[in-house]
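What follows is a single structure, written as structure tokens, with notes after it.
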Amino acid sequence: MTKLALITSNQGKLREFRSELSRLDIEVTSTDESCEEIQADTIEEVVRYCLKDLGGRGVGNVIIDDSGLFIDSLGGFPGVYSSYVFRTLGCKGVLKLLEGKEDRSAHFSCCIGCILGSGENIVVTESVSGRIGTEEKGNQGFGFDPIFIPQEDQRTFAEMSIEEKNPISHRGKAIRAFAEMLKRKRGVR
Ligand code: ITT
Numbered sequence: 001m002t003k004l005a006l007i008t009s010n011q012g013k014l015r016e017f018r019s020e021l022s023r024l025d026i027e028v029t030s031t032d033e034s035c036e037e038i039q040a041d042t043i044e045e046v047v048r049y050c051l052k053d054l055g056g057r058g059v060g061n062v063i064i065d066d067s068g069l070f071i072d073s074l075g076g077f078p079g080v081y082s083s084y085v086f087r088t089l090g091c092k093g094v095l096k097l098l099e100g101k102e103d104r105s106a107h108f109s110c111c112i113g114c115i116l117g118s119g120e121n122i123v124v125t126e127s128v129s130g131r132i133g134t135e136e137k138g139n140q141g142f143g144f145d146p147i148f149i150p151q152e153d154q155r156t157f158a159e160m161s162i163e164e165k166n167p168i169s170h171r172g173k174a175i176r177a178f179a180e181m182l183k184r185k186r187g188v189r
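For the sequence shown, counting from 1, position 71 maps to 71 in this note's numbering; every step adds exactly one.
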């Protein structure tokens, strides 16, 4: 079985990685390891910088996940500031920012970065389109899940189980693409 450690302070992310990757015979552990998180214009830049920092210190077999909620009518905000905005404004604050706005379209993006024991890197980004609801709904998931309704659904992510969210979510898609690339690299050294 392949073993990879996820660097995150977010238990919701860890649960989603474990749920998806255990089926592919990849064990995801947690770790106290950390990396330098820069403020950049894109989540990919944040991930690539972090991988460079880890690689420079000889750290391997770790995964990182930088993600964000991008709201069209707010010019993509909170985007790379999602973590800060969740901690400060929360779901309620975002709903307030959208009061009176007709266009509620948004997407979540997730960038996964991995540095293998060999030092090779994998970087993959996936997204899911949807809209911001008019109130918080549901108590599953984490973060902005209670206000995000994926395309072609009427329920928020927080009204879905992990088994329902992963097949359509930004993270679920990114994890599967990552696993595919990992397989092509023929196992973790
Ligand atoms: P780590 O950096 O320690 O992994 P974090 O929660 O700070 O944890 P990010 O920097 O990637 O994670 O920030 C992403 C924020 O976007 C996060 O705080 C959530 O509020 C939100 N987010 C990302 N993915 C989400 C998802 O699947 N459902 C709901 N909110 C999500």
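Glycine residues also receive a C-beta, built at the ideal position from the N, C-alpha and C atoms. All of these numbers come straight from a predicted model, not from anything done at the bench.
Which of helix, strand or coil DSSP assigns to residue i
i: residue 41; result: coil
i: residue 35; result: coil
i: residue 63; result: strand
i: residue 78; result: strand
i: residue 176; result: helix
i: residue 150; result: strand
i: residue 88; result: helix
i: residue 13; result: helix
i: residue 142; result: coil
i: residue 131; result: strand
i: residue 20; result: helix
i: residue 136; result: coil
i: residue 182; result: helix
i: residue 83; result: helix
Residue i versus residue j - alpha carbon distance
i: residue 163; j: residue 178; result: 18 Å
i: residue 187; j: residue 26; result: Caution is warranted here: a pLDDT of 49 is assigned to residue 187, below 50, making its placement in the model unreliable, and no coordinate value can be reported.
i: residue 135; j: residue 129; result: 18 Å
i: residue 84; j: residue 92; result: 14 Å
i: residue 29; j: residue 2; result: 11 Å
i: residue 76; j: residue 131; result: 13 Å
i: residue 95; j: residue 59; result: 40 Å
i: residue 70; j: residue 113; result: 20 Å
i: residue 20; j: residue 118; result: 24 Å
i: residue 144; j: residue 22; result: 25 Å
i: residue 101; j: residue 10; result: 30 Å
i: residue 189; j: residue 57; result: Here residue 189 scores only 45 on pLDDT, less than 50, and its place in the model should not be relied on; the value that follows carries that caveat. The alpha-carbon atoms of residue 189 and residue 57 are separated by roughly 17 Å.
Own chain, CB closer than 6 Å to residue i, minus 5 neighbours either side, in chain order
i: residue 35; result: 50, 53, 54
i: residue 142; result: 12
i: residue 24; result: 179
i: residue 111; result: 43, 44, 47, 66, 125
Cβ-based neighbour list, residue i, same chain, cut-off 7 Å, excluding 5 preceding and 5 following
i: residue 133; result: 147, 149, 156
i: residue 103; result: 72, 73
i: residue 151; result: 129, 130
i: residue 181; result: 122, 124
CB of residue i within 8 Å of CB of residue j, strictly
i: residue 115; j: residue 62; result: yes
i: residue 64; j: residue 122; result: no
i: residue 5; j: residue 42; result: no
i: residue 109; j: residue 172; result: no
i: residue 17; j: residue 168; result: no
i: residue 98; j: residue 73; result: yes
i: residue 140; j: residue 127; result: no
i: residue 158; j: residue 137; result: yes
i: residue 208; j: residue 125; result: Absent from the structure is residue 208, since the part of the chain shown begins at 1 and ends at 189.
i: residue 190; j: residue 80; result: It is not possible to answer for residue 190, since the shown part of the chain is limited to 1 through 189.
i: residue 165; j: residue 120; result: no
Short CB-CB distance (under 8 Å) between residue i and chain B
i: residue 1; result: Annotation note: the requested chain B is absent from the structure, which comprises a single protein chain.
Same chain, Cβ closer than 8 Å to residue i, five either side skipped, listed in chain order
i: residue 33; result: 5, 7, 54, 59, 62
Exercise for review: Measuring from each Cβ to the nearest heavy atom of the ligand ITT, keep the ones under 6 Å and list them in chain order.
Suggested key: 8, 9, 10, 13, 65, 66, 67, 68, 69, 82, 83, 86, 108, 141, 142, 143, 144, 145, 157, 169, 171
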